[in-house]
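A quick write-up on the structure given underneath.
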Amino acid sequence: KVTIKGIERELICPACKELFTHPLILPCQHNVCHKCVKEILFAFEDTCADGGSESSNQSSPRIKICASSMDRIDRISRSGTKRNSLTPRSSLFPCPGCQRDIDLGERGINGLFRNFTLETIVERYRQAARAAIAIMCDFCKPPPQESTKSCMDCSASYCNECFKIHHPWGTVKAQHEYVGPTTNFRPKILMCPEHEMERVNMYCEICRRPVCHLCKLGGCHANHRVTTMSTAYKTLKEKLSKDIEYLISKESQVKGHITQLDLLLKETECNSERAKEEALHRFEKLYHVLEEKKSAALRAIEVSKNLRLEKLQIQAEEYQGLLENNGLVGYAQEVLKETDPSCFVQTAKQLHVRIQKATESLKSFRPAAETTFEGFVVDIAKQEEILGDLSFHSNGLEIPEINEEQSRMYNKALISWECPGKTDSADIYILEYRKLNREEESATWQEIEVCSKSKVISDLDEDSSYAFRVRGYKGSICSPWSREVILRTPPAPVFSFLFDDKCGYNSEHLLLNPRRTSVESRAGFPLLLGSERMQVGCYTTLDYIIGDTGIAKGKHFWAFHVEAYSYLVKVGVVSSNKIQKLFHNTHDMTSPRYEQDSGHDSGSEDAFFDSSQPFTLVTLGMKKFFIPTTPTAPKDPVSRILPLPSYLGICLDCDKGKVGFYDAGHMKCLYECEVDCSGIMYPAFALMGGAAVHLEEAITAKYGEYHEDI
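Pasting the structure below:
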């Protein structure tokens, strides 16, 4: 026989921390009081309505419910409002048991089962706790008698006499089910919350909940595997009985573990006291060092003060002597009264020297000592930063390293890190970042707590450099900070577009992926047929493709990746009033001499920047970036050839009429030129031979999680 008092822990609601009242079974199989579920959902909706941010959702109410909130529900109930007004609109429920957000589905609270078994156990516990308090008859005239039985059909308690009166022989009420005195009345038949007129007679093995035949026929359990209620009852009861028997058979092992845990509790207490003493000793050493430094600094300031005061006091006394009838002037006035020439000359010579010095000092007055103590300001900036990082360091906790190859800076920042070891020993990570600004060198670190090994950061300033660092935490133990990594944001807001598969798109030579984010030039049989005329020079042409969205004003940035095997790719921008000329340019490039950016000194390079040209492009290919020839460009062809970055970016400033080409990995400008922005500007690409271009994907909030799963 199980002692009721021993299971009290299982009968406490995780929300209100009191005994369950009408508990509901959540989809995560935890139990919560019916009123607690409503109150948490009301508070959850209020929080979302006030903030609507992720931080608001994280502060979901998982604490004991306040009395004012309970009064709110009672007040609404008494006002006669329909039941629907008491049903929260949100279907997302923050479970106080497992700390996860649970989806309650379309019906919300109405789709949850009451746990009648748990209610019965709670009632038995209440009766055991108040054994001295009797349950009185509900129908006796005052004074009421003690009840002897309760009718489950009437949901009332009776003494023997009242039960006979209200359940006479030969009537339907005589067949009612009665039990011992109780205040817990539950329905004899469990009804389906989805279909209120149907009783549950099956068990869904997928959702692990009772269902009715309508749920199986056309409801949300239509394609789920179900079994009969009797089979589920028998199976679950056998499993539960076997598991209980197994635990009971291992009672000696459990007791051994309890004994071991008791020893560990005592050992933890002792070790914590030793750790406190060690920490106290180390902090006292720091206090001692600081006290010594403080005393030395105060002594130095005091010595300097006394020395300065002494000098200033002497100088003040000297100037006091320059007043009439005082000091030096008074003495000189007395000497002037001497009538004997020899005696006067003997005294006046030395006195005259002193008077001359006093006169000179009066003309160029300078205090004998400084009054400021700027040289005695203690610089504690570095020490403050070191003390701010003061924590429990453990050699067993590895220092994380930010992966610069996987970290990206685009429309948002994606920071990824990893631990050098095979296992991840940290529970959580703290990611810090700050903006590097020459004007604000001491910018404060922004801190984010992360449970994974990557984080997406939004709302960073454009065209700015940021420093990032990360450390791991396991309990109160933390690792040292990782090496700082500096990344730069794009010079302008990110412009999103796809390749246009309609305007001028040559499907015979170019291949688009279904998402229209990648284009590939197929140097296949059509190109071979086009080279049939080849006798002298080159008779092939470039295949052009543009973006499906144009830019009319402002400053915008986009990035892309050119495959290393690409033979020839041109990238840049094209105006809307020149697109027709771009795609209907009928002449072939009959020789490398006429290639607009061939590098040959044919004079055609200057035409590349003429506003009459249909586009402004730069040439890429064979892992190289070619800077076009301009009057300001280097004359040496070798100096105009740069290694091709892994990601290339283009920044178009329509307001200033400029386009820049960037190394998107480091946000470094490689080349910039003027461009005619009189029309709507479109991103433009041209490919020849084997080549491929992939547009850079925008970073979303779940970008890191998605790629970690892959």
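Read left to right, the sequence shown gives residues 9 to 718 (this note's numbering). Idealized CB from N, CA, C, for every residue including glycine.
Assigned secondary structure, residue i (DSSP; H/G/I helix, E/B strand, else coil)
i    : result
R134 : helix
N419 : coil
A615 : Residue placement at A615 is poorly supported in this model, since its pLDDT is 39, which falls under 50; the coordinates still yield a value, given next. Reduced to three states, the DSSP call for A615 is helix.
Y513 : coil
K463 : strand
M144 : strand
Y573 : coil
C223 : helix
A340 : helix
G178 : coil
I554 : strand
D161 : coil
L468 : coil
F505 : coil
G483 : coil
E682 : strand
P189 : coil
T125 : helix
D580 : A small fix is needed here, since residue 580 is Gly in this sequence, not Asp. G580 falls in the strand class under three-state DSSP.
R477 : strand
K561 : coil
K284 : helix
V493 : strand
L49  : helix
Selection from the options that minimises the alpha carbon distance to residue i
i    : options                   : result
E360 : D348, V343 and K371       : The amino acid at residue 360 is misidentified as Glu; the sequence shows His. Ranking D348, V343 and K371 by Cα distance to H360 puts V343 first.
V527 : K245, G698 and L112       : G698
Y166 : W177, S515, K149 and G178 : K149
R108 : V337, C36 and I143        : C36
K420 : T638, W489, E705 and T624 : E705
S529 : A700, T276, E571 and P201 : A700
P417 : T347, R362 and L495       : First, the amino acid is wrong: residue 417 is Met here, not Pro. Nearest option by C-alpha distance: L495.
G665 : F591, E206, C681 and Y655 : C681
Y339 : Q321, Q358, I322 and S350 : Q358
G226 : H203, R216, A240 and R217 : H203
P653 : G687, L625, D348 and A572 : A572
H517 : I553, P499 and P501       : I553
I688 : I587, P428, K284 and I394 : I587
E131 : W489, I20 and C685        : I20
T627 : L695, H674 and G562       : L695
F124 : N168, F28, L248 and K224  : F28
A500 : Q341, G657, K172 and I110 : G657
Sub-9 angstroms separation of residue i and residue j beta-carbons
i    : j    : result
S462 : S424 : yes
M210 : T243 : no
R122 : I33  : yes
L520 : L703 : no
W566 : S472 : no
S433 : E406 : yes
C659 : A560 : no
V386 : Y437 : no
I197 : I15  : no
F633 : F669 : yes
K157 : V180 : no
D556 : R524 : yes
E185 : M205 : no
L468 : K443 : yes
V667 : T624 : yes
A377 : R307 : no
F384 : E440 : no
K313 : F381 : yes
Residue-chain proximity (residue i, chain B), Cβ-Cβ < 9 angstroms
i    : result
P498 : Structure shown: chain B not included; a single protein chain is present.
Boundaries (first-last residue) of the alpha helix (DSSP H) holding residue i
i    : result
A389 : A389 to G396
N168 : N168 to H174
K371 : P349 to K371
T637 : Where T637 is concerned, there is no enclosing alpha helix (DSSP H), given that its DSSP letter is neither H nor E.
C212 : Run containing C212: none in the alpha helix (DSSP H); it sits in the beta strand (DSSP E), M210 to C212.
M237 : M237 to S257
K589 : I587 to F591
N- and C-terminal bounds of the beta strand (DSSP E) containing residue i
i    : result
T624 : T624 to G629
E412 : Note, E412: premise wrong, no beta strand (DSSP E); not H, not E.
Q153 : Careful: Q153 lies outside any beta strand (DSSP E) and carries neither H nor E.
V701 : A699 to L703
C200 : No beta strand (DSSP E) holds C200; DSSP gives it neither H nor E.
Residue i CB to nearest heavy atom of the ligand GDP below 8 angstroms
i    : result
P150 : Of the ligands one can find in the structure shown there are none, so the ligand GDP has no counterpart to examine.
(message) Quick check on the DSSP output: what are the complete beta strand (DSSP E) runs of length 3 or more inside the segment 639-675, in order along the chain?
(response) 649-651, 656-661 and 666-671
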